[in-house]
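*Asks:*
Protein chains: 2
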Amino acid sequence: MSDSASIAALDRLLQLTVLLGRDMDESLARDGISRSRAPVLWVIAAAGPRTQRELADSLHVSPRNITGLVDGLVADGFVTREPHPNDRRATLVTLTGAGEALVAKLAAEQDEFTRQLFGDWKPAELAAFSRGLDRTVNRLQQLIEAAAT
Amino acid sequence: MSDSASIAALDRLLQLTVLLGRDMDESLARDGISRSRAPVLWVIAAAGPRTQRELADSLHVSPRNITGLVDGLVADGFVTREPHPNDRRATLVTLTGAGEALVAKLAAEQDEFTRQLFGDWKPAELAAFSRGLDRTVNRLQQLIEAAAT
DNA sequence: TATTGTTATACTCTATAACTATA
DNA sequence: TATAGTTATAGAGTATAACAATA
Numbered sequence: 001m002s003d004s005a006s007i008a009a010l011d012r013l014l015q016l017t018v019l020l021g022r023d024m025d026e027s028l029a030r031d032g033i034s035r036s037r038a039p040v041l042w043v044i045a046a047a048g049p050r051t052q053r054e055l056a057d058s059l060h061v062s063p064r065n066i067t068g069l070v071d072g073l074v075a076d077g078f079v080t081r082e083p084h085p086n087d088r089r090a091t092l093v094t095l096t097g098a099g100e101a102l103v104a105k106l107a108a109e110q111d112e113f114t115r116q117l118f119g120d121w122k123p124a125e126l127a128a129f130s131r132g133l134d135r136t137v138n139r140l141q142q143l144i145e146a147a148a149t
Numbered sequence: 001m002s003d004s005a006s007i008a009a010l011d012r013l014l015q016l017t018v019l020l021g022r023d024m025d026e027s028l029a030r031d032g033i034s035r036s037r038a039p040v041l042w043v044i045a046a047a048g049p050r051t052q053r054e055l056a057d058s059l060h061v062s063p064r065n066i067t068g069l070v071d072g073l074v075a076d077g078f079v080t081r082e083p084h085p086n087d088r089r090a091t092l093v094t095l096t097g098a099g100e101a102l103v104a105k106l107a108a109e110q111d112e113f114t115r116q117l118f119g120d121w122k123p124a125e126l127a128a129f130s131r132g133l134d135r136t137v138n139r140l141q142q143l144i145e146a147a148a149t
């Protein structure tokens, strides 16, 4: 058996996952986008126009799924499909002005959320907590990599 | 602007949410159940047979949705619908032997996962981290409650 | 031959609204 | 009247497989 402290930690983590997920869904819905589509915008905002294949790899979903997500984003005016300059098979999914504005809005909301969640923490406490999260992320990535082998 | 330490903390938290979600999906799929259906079993295992209305309230989904989730769990042999002793409108969703066995298996797997994730932490580090998670959960619940008003 | 993105198909999860049986 | 759960309907997200265009 694992000790009770580590069990409690995982319980809290899973609870946070559920609560954060619900909160994000609601917040994103108010902004007119879904939790599946928003990451498409984040990837493009961070890395520039991407092919659908690149988006599928980044987001770990099937190419067919990306077709549907991009269809929705095009219909809502957040991205366009532009011809790829070197490869006529591919399209470059590109942010529109509305897409860039939405990404900026989402970033501002996330910043405000950060303030509400952690604004009253002492810097040292927060730094220690952040290191713990970092360590947990790294460990989890190790486990996932190991499982893939 | 929020300070960089709190931004980093939220980033890690969101990253953990994504990674944990993917990991859980795969693990649950290997056990023949989905991330939407598993919590139905957890609630019943913890609280005993429940009506569908109670399950819908516990899981924050619509009654119609519970009908579908329970349909799937019945088809897979994990639960049965039993008549409610006092209310002929209601059904009591009850774990079968296979359902109890699956819950036990999921609990064992979660325990093993806990060990892999936190097994090498010093007790004091883990306790501090767990308190941080606790504080974050509580704060998030406050925010959600405040937003609901 | 291999790759990009699509069409075809199917399943899960989710919701609202109308309805039946019961309270 | 109100509640429990269903049928009817709809839409998003996900996947695999077959295919067309291009590399």
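So the protein lines, in turn, are chains A and B.
Going by the UniProt record's numbering, 121 is the number at position 121 of the first sequence; the sequence numbering is gapless.
Going by the UniProt record's numbering, 124 is the number at position 124 of the second sequence; the sequence numbering is gapless.
C-beta atoms are modelled at their ideal positions from N, C-alpha and C, and glycine is treated no differently.
All of these numbers come straight from a predicted model, not from anything done at the bench.
Going by the CB atoms, is the gap between Arg115 of chain B and Ser2 of chain A shorter than 8 Å?
*Replies:* Yes, the Cβ-Cβ distance between Ser2 of chain A and Arg115 of chain B is below 8 Å.
*Asks:* For Asp23 of chain B, which option in B:Asp120, B:Ala147, B:Phe113 and B:Gly97 has the closest C-alpha, if you only look at C-alpha atoms?
*Replies:* With distances taken between Cα atoms, Asp23 of chain B lies closest to B:Phe113.
*Asks:* Would you please verify whether the beta carbon of Ser34 of chain A is less than 8 Å from any beta carbon of chain B?
*Replies:* So, not an interface residue.
*Asks:* Indicate whether at least one CB of chain A lies closer than 8 Å to the CB of Ile144 of chain B.
*Replies:* Yes, because at least one Cβ of chain A sits closer than 8 Å to the Cβ of Ile144 of chain B.
*Asks:* Check each residue of the stretch 41–71 of chain A: if its Cβ is closer than 9 Å to any Cβ of chain B, include it; give the result in chain order.
*Replies:* If the cut-off is 9 Å between Cβ atoms, the stretch 41–71 of chain A has His60 near chain B.
*Asks:* In or out: Ala38 of chain B buried (at least 16 other Cβ within 10 Å) or exposed?
*Replies:* Buried, since its Cβ has 16 or more Cβ neighbours within 10 Å.
*Asks:* Taking 8 Å as the cut-off, does the stretch 124–138 of chain A touch the stretch 9–23 of chain B (at least 3 CB pairs, one atom from each stretch)?
*Replies:* The stretch 9–23 of chain B is in contact with the stretch 124–138 of chain A.
*Asks:* How do the stretch 58–69 of chain A and the stretch 96–111 of chain A stand: do at least 3 beta-carbon pairs fall below 8 Å, yes or no?
*Replies:* The stretch 58–69 of chain A vs the stretch 96–111 of chain A: no contact.
*Asks:* Near Pro49 of chain B, what residues of its chain come up, given a Cβ to Cβ distance below 6 Å and the 5 sequence neighbours on each side ignored?
*Replies:* Cβ neighbours of Pro49 of chain B beyond the five flanking positions: Leu92 and Thr94.
*Asks:* Report the rounded CA-to-CA distance for Val81 of chain B versus Val74 of chain B, giving the unit in angstroms.
*Replies:* Rather than Val, the amino acid found at residue 81 of chain B in this sequence is Arg. If I take the Cα positions, the gap works out to 8 Å.
*Asks:* When you compare the CB positions of Val79 of chain A and Leu55 of chain A, do they come within less than 8 Å of one another, or not?
*Replies:* Cβ distance not < 8 Å, so Val79 of chain A and Leu55 of chain A don't count as in contact.
*Asks:* Looking at the secondary structure, which residues open and close the alpha helix (DSSP H) in which Pro123 of chain A lies?
*Replies:* Unbroken alpha helix (DSSP H) run through Pro123 of chain A: Pro123 to Ala148.
*Asks:* What did DSSP end up calling Arg22 of chain B once you bin it into helix, strand or coil?
*Replies:* Note: Arg22 of chain B maps to helix in three-state DSSP.
*Asks:* DSSP three-state call for Thr94 of chain B: helix, strand or coil?
*Replies:* Three-state DSSP puts Thr94 of chain B in a strand.
*Asks:* By DSSP, does Arg50 of chain B sit in helix, in strand, or in coil?
*Replies:* The answer is strand: DSSP assigns Arg50 of chain B an E or B state.
*Asks:* In angstroms with no decimal places, state the Cα-to-Cα distance between Leu59 of chain B and Arg88 of chain A.
*Replies:* In a straight line, the C-alpha of Leu59 of chain B is about 47 Å away from that of Arg88 of chain A.
*Asks:* Mind checking Gln141 of chain B: buried by the 16 CB within 10 Å criterion, or exposed?
*Replies:* So Gln141 of chain B counts as exposed.
*Asks:* Nearest to Ala45 of chain B by CA position, among B:Arg30, B:Glu109 and B:Thr96, is which residue?
*Replies:* The shortest C-alpha separation from Ala45 of chain B is found at B:Thr96.
*Asks:* May I have the straight-line CA-CA distance separating Glu109 of chain B from Asn138 of chain B, to the nearest angstrom?
*Replies:* Whole-angstrom Cα-Cα distance: 27 Å.
*Asks:* Hey, how far is the Cα of residue 156 of chain A from the Cα of Ile7 of chain B?
*Replies:* Shown here, chain A extends from 1 to 149; a query on residue 156 of chain A therefore has no answer.
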